[in-house]
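Numbering (my numbering), first residue to last: 635 to 764.
Glycine included, every Cβ here is placed at the ideal spot set by N, Cα and C.
As the structure is a prediction and not an experimental result, all values here were calculated from the model.
What follows is a short report on a single structure.
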Amino acid sequence: MCIWQRWPHAIVILMSLFGLRGFAPSAMMGLIAITAAISVGLGGFHAGVEWQLWQGPSGCTAALQSNMAVTDLVDQLLATPVVRCDEVAWSFLGISMAGWNAIFSLDMFLIALLAMLGRDNIKNQNPGTR
């Protein structure tokens, strides 16, 4: 789940770069708001798993080569550390990284939403603006 939470941030960075280039700023703010809302959901879900509020995904996947010998495959699996989604690996002020992700993503969502709505209000008052 930690990896899942990184994807929305990468997408927001890409959309921000398009927005900075002047590509449909209001639409970009709307898409950023939607992506940030997804990040809030992912972070909140992961935090809930850490706090034992609900159960997380039942399994994880690993990048394994299909042409490995069985003994090499077993050795690789046994050497792979298990990262549990239901245990807090790091916390600050009693809030886990997943919790902080949800909080900051909520902030990003609200800022993008306000920027989009504010830009639309300016466009409605001044029809000649981009």
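Judged by DSSP in its simplified three-state form, Phe652 adopts helix. Between the region 661-672 and the region 737-755, the count of C-beta pairs closer than 8 Å reaches three or more; the two stretches touch.
A direct Cα-Cα distance of roughly 29 Å separates Val717 from Phe743. Non-local C-beta neighbours of Ile729 in its own chain, meaning closer than 6 Å and more than five positions away in sequence, are absent. Shown here, Phe726 sits in a strand according to DSSP, grouped into three states. Contact between Ala746 and Ala681 does not hold, since the beta-carbon distance rounds to 21 Å and is not under 8 Å.
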